[in-house]
Amino acid sequence: MDMQENVTSIPSPTYMTILRALVKTMRPRQWTKNVVVFAALVFDGKFLRLEPTLRTVVAFALFCLISSSVYLLNDVVDREKDRAHPIKRHRPLAAGILQPGVALTAMALLLVVAVGAALALEPLLGITILGYFLLNVAYSFYLKNLVILDALTVAAGFLLRVAGGAMVVHVERFSPWLYVCVTFISLLIALGKRRHELTSLEAGATNHRAILDHYTVEFLDQLIGIITAATVVSYSFYTFSAENLPKNDMMMLTIPFVVYFLFRYLYLVHVKKLGGAPDELLFKDRHLFVTAVLWGLSAVGVLYLSHS
Numbered sequence: 068m069d070m071q072e073n074v075t076s077i078p079s080p081t082y083m084t085i086l087r088a089l090v091k092t093m094r095p096r097q098w099t100k101n102v103v104v105f106a107a108l109v110f111d112g113k114f115l116r117l118e119p120t121l122r123t124v125v126a127f128a129l130f131c132l133i134s135s136s137v138y139l140l141n142d143v144v145d146r147e148k149d150r151a152h153p154i155k156r157h158r159p160l161a162a163g164i165l166q167p168g169v170a171l172t173a174m175a176l177l178l179v180v181a182v183g184a185a186l187a188l189e190p191l192l193g194i195t196i197l198g199y200f201l202l203n204v205a206y207s208f209y210l211k212n213l214v215i216l217d218a219l220t221v222a223a224g225f226l227l228r229v230a231g232g233a234m235v236v237h238v239e240r241f242s243p244w245l246y247v248c249v250t251f252i253s254l255l256i257a258l259g260k261r262r263h264e265l266t267s268l269e270a271g272a273t274n275h276r277a278i279l280d281h282y283t284v285e286f287l288d289q290l291i292g293i294i295t296a297a298t299v300v301s302y303s304f305y306t307f308s309a310e311n312l313p314k315n316d317m318m319m320l321t322i323p324f325v326v327y328f329l330f331r332y333l334y335l336v337h338v339k340k341l342g343g344a345p346d347e348l349l350f351k352d353r354h355l356f357v358t359a360v361l362w363g364l365s366a367v368g369v370l371y372l373s374h375s
């Protein structure tokens, strides 16, 4: 790769400028996506145990490192296309502030640390984290150009996070329906993001993401409708079929929170034309955030306080 790319028009960056650009490219704000690692700990009933909790915290940190290595790789690969995007053109690599060689070196370091530490903690976790990285490499170079499979790959990444969390706590009663729910919700978010890019970038959409040429708003709306219904159904099945839930079916009381959350998200995507940054949307929209908190509190309350 050309190490002198885009540096002729800007002054040589200082060490601190490069460091800040590197941290920005690692996208610590998107580490919130790795919170799903805690799903197995909470829903397997081990949240109040010290050792499983500590192991999950470490697994979360390792997924943050490996996801940052993926972001570094993605931005190196996509820097030319990002320059066509009204927001992403300001990313350090697209703007020429951070050089590809520096980003790739940091990526390799994060990869070695994350996989090595994961193997030491739990061999299966190490394999899962390496698989997560390889999946994203395949996505960056090939899968992102395959219609539908591009969104399924994003969902698979979330599924691997959940699986990694399940491995470190050695789950005993984690319902398979939760894997299904995570897959569908991840698909919904990925498709919502595709829709936002298609409508907001319009004629320039395919310059930013070539796969958008194979999608239409109508097709995405159909997929989003199907996935939304599937999410509600799968979560509903979980609430009355999971082995570790109270026999009084109290978990079914959390279904309205899930339904409202999904409908609110669809409102923001379709009416407010949001959805381009779903990780930020949760914290920017008060209704989404409050609903998520209420669902979390009620679900934990049912799991840990209701035994009748």
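Quick note: the sequence shown uses my numbering, first residue 68, plus one each step. Cβ atoms here follow ideal geometry from the backbone N, Cα and C, with glycine treated the same way.
Compute the Euclidean distance between the alpha carbons of residue i and residue j, then round it to the nearest angstrom.
{"i": "Lys-339", "j": "Thr-266", "result": "12 Å"}
{"i": "Leu-381", "j": "Gly-198", "result": "Nothing about residue 381 can be read from this structure; the chain reaches only from 68 to 375."}
{"i": "Val-357", "j": "Gly-168", "result": "42 Å"}
{"i": "Phe-200", "j": "Lys-100", "result": "15 Å"}
{"i": "Val-247", "j": "Ser-301", "result": "7 Å"}
{"i": "Leu-372", "j": "Asn-311", "result": "12 Å"}
{"i": "Lys-113", "j": "Val-235", "result": "11 Å"}
{"i": "Met-174", "j": "Tyr-209", "result": "19 Å"}
{"i": "Phe-251", "j": "Pro-80", "result": "43 Å"}
{"i": "Leu-290", "j": "Leu-258", "result": "8 Å"}
{"i": "Leu-364", "j": "Leu-370", "result": "10 Å"}
{"i": "Ala-170", "j": "Pro-159", "result": "10 Å"}
{"i": "Phe-324", "j": "Trp-362", "result": "6 Å"}
{"i": "Pro-119", "j": "Met-93", "result": "27 Å"}
{"i": "Arg-96", "j": "Met-317", "result": "34 Å"}
{"i": "Val-103", "j": "Ile-164", "result": "32 Å"}
{"i": "Leu-355", "j": "Ile-85", "result": "35 Å"}
{"i": "Ser-375", "j": "Ala-184", "result": "The predicted model places Ser-375 with a pLDDT of 48, which falls under 50 and marks its position as unreliable, so this point remains unresolved."}
{"i": "Ile-278", "j": "Leu-117", "result": "45 Å"}
{"i": "Tyr-282", "j": "Ile-215", "result": "9 Å"}
{"i": "Arg-150", "j": "Ala-161", "result": "6 Å"}
{"i": "Leu-89", "j": "Glu-264", "result": "25 Å"}
{"i": "Lys-211", "j": "Asn-203", "result": "9 Å"}
{"i": "Ala-359", "j": "Ala-296", "result": "18 Å"}
{"i": "Gly-292", "j": "Leu-115", "result": "37 Å"}
{"i": "Leu-333", "j": "Leu-176", "result": "39 Å"}
{"i": "His-157", "j": "Gly-368", "result": "43 Å"}
{"i": "Asp-142", "j": "Lys-91", "result": "11 Å"}
{"i": "Val-144", "j": "Ser-136", "result": "13 Å"}
{"i": "Arg-87", "j": "Leu-140", "result": "17 Å"}
{"i": "Ala-218", "j": "Asp-280", "result": "14 Å"}
{"i": "Thr-195", "j": "Val-326", "result": "31 Å"}
{"i": "Ala-128", "j": "Thr-220", "result": "22 Å"}
{"i": "Ala-366", "j": "Thr-321", "result": "7 Å"}
{"i": "Gln-166", "j": "Tyr-138", "result": "14 Å"}
{"i": "Thr-172", "j": "Trp-98", "result": "20 Å"}
{"i": "Leu-213", "j": "Ser-207", "result": "11 Å"}
{"i": "Leu-191", "j": "Pro-313", "result": "31 Å"}
{"i": "Pro-243", "j": "Ser-303", "result": "13 Å"}
{"i": "His-337", "j": "Val-249", "result": "22 Å"}
Would you grab the beta carbon distance between residue i and residue j for me? Rounded to a whole angstrom, and I think it's under 8 Å.
{"i": "Ala-106", "j": "Leu-245", "result": "6 Å"}
{"i": "Leu-349", "j": "Gly-232", "result": "Actually they are not in contact, since the Cβ atoms of Leu-349 and Gly-232 sit about 19 Å apart, beyond 8 Å."}
{"i": "Thr-298", "j": "Met-319", "result": "Actually they are not in contact, since the Cβ atoms of Thr-298 and Met-319 sit about 16 Å apart, beyond 8 Å."}
{"i": "Ala-222", "j": "Ser-253", "result": "4 Å"}
{"i": "Asp-111", "j": "Phe-241", "result": "5 Å"}
{"i": "Val-284", "j": "Arg-262", "result": "6 Å"}
{"i": "Leu-335", "j": "Ile-294", "result": "Not confirmed; about 16 Å, so no contact."}
For residue i, does the count of other Cβ atoms within 10 angstroms reach 16, so buried, or fall short, so exposed?
{"i": "Lys-351", "result": "exposed"}
{"i": "Ile-154", "result": "exposed"}
{"i": "Ala-205", "result": "exposed"}
{"i": "Met-83", "result": "exposed"}
{"i": "Leu-121", "result": "exposed"}
{"i": "Ser-308", "result": "exposed"}
{"i": "Asn-315", "result": "exposed"}
{"i": "Pro-345", "result": "buried"}
{"i": "Gly-342", "result": "buried"}
{"i": "Gly-224", "result": "buried"}
{"i": "Gly-193", "result": "buried"}
{"i": "Ala-187", "result": "exposed"}
{"i": "Glu-147", "result": "exposed"}
{"i": "His-152", "result": "buried"}
{"i": "Glu-189", "result": "buried"}
{"i": "Ile-77", "result": "Any reading at Ile-77 needs caution, since the residue's pLDDT is 49, under 50, leaving its predicted position unreliable; the model's value is listed next. Counting Cβ neighbours within 10 Å, Ile-77 comes out exposed, since fewer than 16 surround it."}
{"i": "Arg-228", "result": "buried"}
{"i": "Gly-353", "result": "Before going on, a small fix: residue 353 reads as Arg here, not Gly. When all chains shown are included, Arg-353 counts as exposed."}
Using a Cβ-Cβ distance cut-off of 9 Å, determine whether residue i contacts chain B.
{"i": "His-152", "result": "Considering every chain present, this structure includes no chain B. It has just one protein chain."}
Inset, instruction - Identify every run of the alpha helix (DSSP H) within the region 198 to 241, keeping only runs that are complete inside it and at least 4 residues long; order them along the chain. - result: For the region 198 to 241, whole alpha helix (DSSP H) runs of length 4 or above, ordered along the chain, are 216 to 236.
Inset, instruction - Please go through the region 309 to 362 and give each complete alpha helix (DSSP H) segment of 4 or more residues, from N-terminal end onward. - result: Listed in chain order, the complete alpha helix (DSSP H) runs (minimum 4 residues) inside the region 309 to 362 are 322 to 337, 345 to 351.
Inset, instruction - Determine, using beta-carbon pairs with one atom in the region 176 to 188 and one in the region 124 to 144, whether at least three such pairs fall under 8 Å. - result: At 8 Å Cβ cutoff, the stretches touch.
Legend entry - Contiguous alpha helix (DSSP H) assignments of at least 4 residues, all confined to the region 148 to 193: Within the region 148 to 193, the complete alpha helix (DSSP H) runs of at least 4 residues are 159 to 162, 167 to 188.
Legend entry - Ranges of the alpha helix (DSSP H) found wholly within the region 88 to 160, counting only runs of at least 4: Runs of the alpha helix (DSSP H) lying entirely within the region 88 to 160 and spanning at least 4 residues, in chain order: 106 to 110, 117 to 149.
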